[in-house]
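Top to bottom, those sequences are chains A and B. Counted from 1, the first sequence has number 138 at position 139 by numbering that gives the first Met the number 0; the numbering is strictly sequential. Counted from 1, the second sequence has number 185 at position 186 by numbering that gives the first Met the number 0; the numbering is strictly sequential.
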Amino acid sequence: MARIIGIDLGTTNSCVAVIDEGKKPRVLAGVNNRRTTPSVVAFTGEKNSKDVVIGQAAQRQAITNPRRTIIGAKRLIGRKVNAKDVAWFARSAPFRIVSAPNGDAWVRIDDNALSPQEIASHILGHMRFIAEEALGEPVTRAVVTVPAYFDESQRQATRDAGTIAGLEICRILNEPTAAALAYGVHRVKEGRRIIAVFDLGGGTFDVSLMSVENKVFEVLATNGDSALGGDDWDRMLIEYLVDSVFDEHRVDITSDPVAMGRLKEAAEAAKRSLSSESIATINLPYLHQESSPTPIHLDCKITREYYETLTHELLDRLRAPCEQALDDANLTKEDIEEVLLVGGMSRSPAVQKMVEEFFGQSVSKSANPDEVVALGAATHAGILAGNDDEATLIDVTAHSIGVKLGSGGFSSIVKRNSILPVREHKLFATSQDNQDFIEAEIYQGESDKIAENRLLGKIRLDQLPRGKAGSVRVKLTITIDVESLLRVTATELSTGKSAHVILSPSSGLSSSDLNKILQARRAHKKP
Amino acid sequence: MKLACQSWQQLSAIYSRDLCRNAFFLKTNNPPAIGTQVRISLVLPSDTSVELNGRISAHVAVNGLQGRGPGVDIALLTLSHSVMWLIESALSAAGMTPELSISDKGTRKPQKQVSTEKIEESGIDEGAEIIGAEVQLIDSLSKELASFAKWNAFQRLNIGYEANDDQVRSAFGELSKRYHPDRYARYQSPEIRELANELFILLRDAYRTLARAPERTAALAKIKPKSSPGSSPPLSPGSSPGSSPKLSVATAAPNLASTRKAKQIDTKVPDMGAEIFDSVQQSSVGPLPQANGTPISAQVELGFRVLESGEYQNALQILKIEVRKYPDDIHAQVGVELAAGKLALVSGDRMEAGQRFEAALDIDPTNERAAREIAEMRRHVTSQRRGLLSKLMKKI
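Here you go:
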């Protein structure tokens, strides 16, 4: 059976791994032996050209080509443009983010609007290429990781990105689960161990609590914030720098993409150096010239202490998901036997300190936070391909799924952190006399207010028997399988009449959209 | 070297092709020299392992030995009766014997054998074999699903009613290794994945019901009143009394279409059905140590006497009260398991009975009575299949 690769599609960096003959996962290196690839896609060549460069090459030209270089497409994938964090992101991104007809966040390159799925597909395609070069054989199937806190449309959008890249996505795997899988599969030999995986990446934050026993990995609870990551730390610093330029020169440089690109790079570098140094220097000569009488140079020093005050509120946002996960798993901080740090941002001393204080123990840093997720994806690929008949992963749903009530409230049917696959049902009654049909809107989320949750789809059951309000009862059954495929059945109890719907969460791209993209991609490749 | 046998079919194949001629075939491209001593530890699907000793007798060329080569043929030095018995009884428990015994009367089996060999010889495309294997897998998963649907949560997880949190979790973990849909992702047929999903949903529901003590007690309260002798076995409501879960139902399911890779014996899948036989073997191997030092209280003594007299229900009552009063009294705990096991036997629920006796042995591994009961159950099964081995030997 052909091999299945594991891809960590990160906000900032991506990584690909595979299970080798010894059943151990290993990272596949690309050009220059680079083990991770920047998740950067740039459009080069003349206007409206479809020529792309990916990875290091794209990153190198980012400063000179800011409007056509996409960084952090993962933050947009499967999202609406009016979401708060997307608007936030759009403000500081040097490229343009526009609204698709359905309200999805897309990016505008020259005269074309492109879906984030297409952007991500270039990265997945590149990872596939790296794997094929390293293995010397064609690769058609992959396990791709996403943040545990991704909802159904974000997952579906990631799947679509794989399809566009010519990959069959065997499974969308949660990143913290993958990390624990890679970390624990050869380490936990005896007894049961409860591990907390704290995964703070470039754009997302996840915390997962898992039990590892006898090669069975059971996710006990997962929580997080799909819009909180290292980029936010950068952005805090960028905001500060933009403000200080404004204070001094009365010039707003956010409209200057080149300056913003340079600022972002400098902020990232400063953040990194502040992980080990107590002070960082930012020196950007000729940062901005156009709207200012004299060229603006930026030269300032940031102490770690000041940086930490600046980003303090972000740190605070990490605690609530941890509390919630412990609560959902019925565990206390004392039950956690090991804390595993994953994701580039977990290198930050402030984050580590916060985690150590929260869980009351020192953290485990032995895994490489940039590679461990891809290794886990490869391990799981091995399970799916039948290379490993011992390791078993029992994963859960990250979000509750339920229906909208007549009152505008939300009634959950499948609770978050339910073991997958799962089937749950609930009874509903008609709300009007002689109501002849019932239409239920299926939502995903945790809020009592329906507007804060995300609509997944609808199910309608017609020809209900006539009767007084409340006398006709309909059973709604929701089944979710390990692939996150969602099936809904509505059954009227007295007649047994039922309706079935398979909800494929809209990733924003219809199948005809996908076909069009695939055809265009093929046409572009031919010459 | 260690070999794990994935399924009963595979074991059956090894049995009829190799063990019956006192030999063993190993597929390899790099055969060691003829005469090399080999020790094979064959792990049965039930997780029991048996030792086979021998030396390499011949190199088999590509496609030699009815298309099974390349590899080595090993002449087994000794094949003790106990090893043969273990394999034989495990196979019979797994429901593999009906097929074999039919062959004694009719011609069905020889035909079958010829046809499989033909496939091997002509090397017909693997695709056909895979589809055949998948059909078989669908069939067995459907059967398992039907059994699971009938069972209560304890039976689904294959645990005793007294199981604690850790036992519930580890039982679920072991079953997950076998039934999690990820295990079936490799098959082409969507029906297989569908069945695996359904099976696992039943398991996870059982786990959710039993994972924590309060819910477990509540679940138990719903089941217990029904398990008096004569009444229907503890099933979920709606099932007919005649459909009690039998040992053979649990194990009949020929596991995983490993026929597809029958020769590639590199993985093992635990088979829950044969666990009873595991402990049979274990308990019959070593000498039974004497009962441990703690004294038996008068009430428990009474309970055992009542038990001996055949009044299982009363004995169960007496011993249960003792357990409630003195939760640490292992004799009382063992007594409860024994009495419940006897009751289950009376009501025809052999699987439940086996679990109970096993639980008793778990609590007190030195308990002779529990070991005796299990041995009795074993004799019962093997007596039905007596002479299987010799018949087979004559056939070949």
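Even glycine gets a Cβ: it sits at the ideal position worked out from N, Cα and C.
Proximal residues of chain B, C-beta to C-beta of residue i below 7 Å
i: residue 215 of chain A; result: 172, 175, 176
i: residue 389 of chain A; result: 176
i: residue 385 of chain A; result: 185
i: residue 169 of chain A; result: 184
i: residue 382 of chain A; result: 181
For residue i, the first and last residue of its enclosing beta strand (DSSP E)
i: residue 403 of chain A; result: 400-403
i: residue 190 of chain B; result: Element bounds for residue 190 of chain B: not the beta strand (DSSP E) but the alpha helix (DSSP H), 189-209.
i: residue 179 of chain B; result: Unbroken run through residue 179 of chain B: none, as it is neither H nor E.
i: residue 473 of chain A; result: 472-479
i: residue 5 of chain A; result: 3-8
i: residue 24 of chain A; result: 24-26
i: residue 162 of chain A; result: Taken as a continuous stretch (DSSP letters only), residue 162 of chain A belongs to no beta strand (DSSP E), being part of the alpha helix (DSSP H) at 151-163.
i: residue 286 of chain A; result: 278-287
i: residue 50 of chain A; result: From DSSP, residue 50 of chain A is part of no beta strand (DSSP E); its letter is neither H nor E.
i: residue 456 of chain A; result: 453-460
Residue from the options whose Cα sits closest to the Cα of residue i
i: residue 167 of chain B; options: B:314, B:215, B:184, B:150; result: B:215
i: residue 392 of chain A; options: B:184, B:312, B:295, B:340; result: B:184
i: residue 227 of chain A; options: A:330, A:299, A:343; result: A:343
i: residue 240 of chain A; options: A:211, A:212, A:287; result: A:287
i: residue 462 of chain A; options: A:498, A:456, A:444; result: A:498
i: residue 364 of chain A; options: A:311, A:357, A:380, A:347; result: A:347
i: residue 129 of chain A; options: A:27, A:20, A:408, A:199; result: A:27
i: residue 8 of chain A; options: A:203, A:333, A:395; result: A:203
i: residue 101 of chain A; options: A:121, A:54, A:77; result: A:77
i: residue 316 of chain A; options: A:17, A:89, A:199, A:220; result: A:199
i: residue 170 of chain A; options: A:179, A:154, A:180, A:182; result: A:154
i: residue 57 of chain B; options: B:349, B:23, B:317; result: B:23
i: residue 359 of chain A; options: A:336, A:370, A:407; result: A:336
i: residue 496 of chain A; options: A:285, A:475, A:508, A:484; result: A:475
i: residue 156 of chain B; options: B:145, B:174, B:141; result: B:174
i: residue 412 of chain A; options: A:385, A:436, A:445; result: A:445
i: residue 308 of chain A; options: A:373, A:268, A:235, A:258; result: A:235
i: residue 450 of chain A; options: A:383, A:332, A:407, A:72; result: A:407
i: residue 6 of chain A; options: A:45, A:69, A:120, A:56; result: A:120
i: residue 209 of chain B; options: B:347, B:142, B:164, B:140; result: B:164
Amino acids of chain A, ordered along the chain, whose beta-carbon sits closer than 7 Å to that of residue i
i: residue 199 of chain B; result: 420
i: residue 157 of chain B; result: Residues of chain A passing the Cβ test: none, with the nearest at roughly 15 Å.
For residue i, the first and last residue of its enclosing alpha helix (DSSP H)
i: residue 533 of chain A; result: Residue 533 of chain A is absent from the model: chain A starts at 0 and stops at 526.
i: residue 322 of chain A; result: 318-327
i: residue 355 of chain B; result: 349-362
i: residue 18 of chain B; result: Residue 18 of chain B -> no alpha helix (DSSP H), and no H or E assigned at all.
i: residue 372 of chain A; result: 371-384
i: residue 270 of chain A; result: 256-275
i: residue 154 of chain B; result: 152-156
CB-CB length for residue i against residue j, believed under 8 Å
i: residue 428 of chain A; j: residue 472 of chain A; result: 5 Å
i: residue 168 of chain A; j: residue 116 of chain A; result: That pair is no contact at about 12 Å.
i: residue 42 of chain A; j: residue 74 of chain A; result: Wrong, their Cβ atoms sit about 19 Å apart, outside the cutoff.
i: residue 139 of chain A; j: residue 172 of chain A; result: That belief does not hold up - the Cβ atoms of residue 139 of chain A and residue 172 of chain A are roughly 18 Å apart, past 8 Å.
i: residue 147 of chain A; j: residue 205 of chain A; result: 4 Å
i: residue 205 of chain B; j: residue 152 of chain B; result: 4 Å
i: residue 35 of chain B; j: residue 55 of chain B; result: 5 Å
i: residue 209 of chain A; j: residue 218 of chain A; result: 5 Å
i: residue 331 of chain B; j: residue 299 of chain B; result: 5 Å
i: residue 182 of chain A; j: residue 339 of chain A; result: 6 Å
Residues that residue i contacts on chain B, provided the C-beta gap is smaller than 8 Å
i: residue 212 of chain A; result: 168, 169, 172
i: residue 193 of chain A; result: Near residue 193 of chain A there are no residues of chain B at all, since even the closest Cβ is about 12 Å away, more than 8 Å.
Interface residues of chain A facing residue i [CB-CB closer than 9 Å]
i: residue 180 of chain B; result: 419, 420, 480, 481, 482
i: residue 203 of chain B; result: 393, 417, 418, 419, 420, 421
Chain-ordered chain A contacts of residue i [CB-CB under 8 Å]
i: residue 151 of chain B; result: By Cβ distance, chain A contributes nothing, its closest Cβ being about 18 Å from residue 151 of chain B, past 8 Å.
i: residue 21 of chain B; result: Neighbours of residue 21 of chain B on chain A: none; closest Cβ ~30 Å, over 8 Å.
Contiguous alpha helix (DSSP H) assignments of at least 4 residues, all confined to the region 172-253 of chain A: Complete alpha helix (DSSP H) runs here, min 4: 174-183, 229-248.
What beta strand (DSSP E) runs, 3 residues minimum, are completely inside the region 408-442 of chain A? Runs found: 409-413, 421-428.
Segments of 4+ residues assigned as alpha helix (DSSP H) that fall wholly inside the region 119-149 of chain A: List check, alpha helix (DSSP H) in window: nothing returned.
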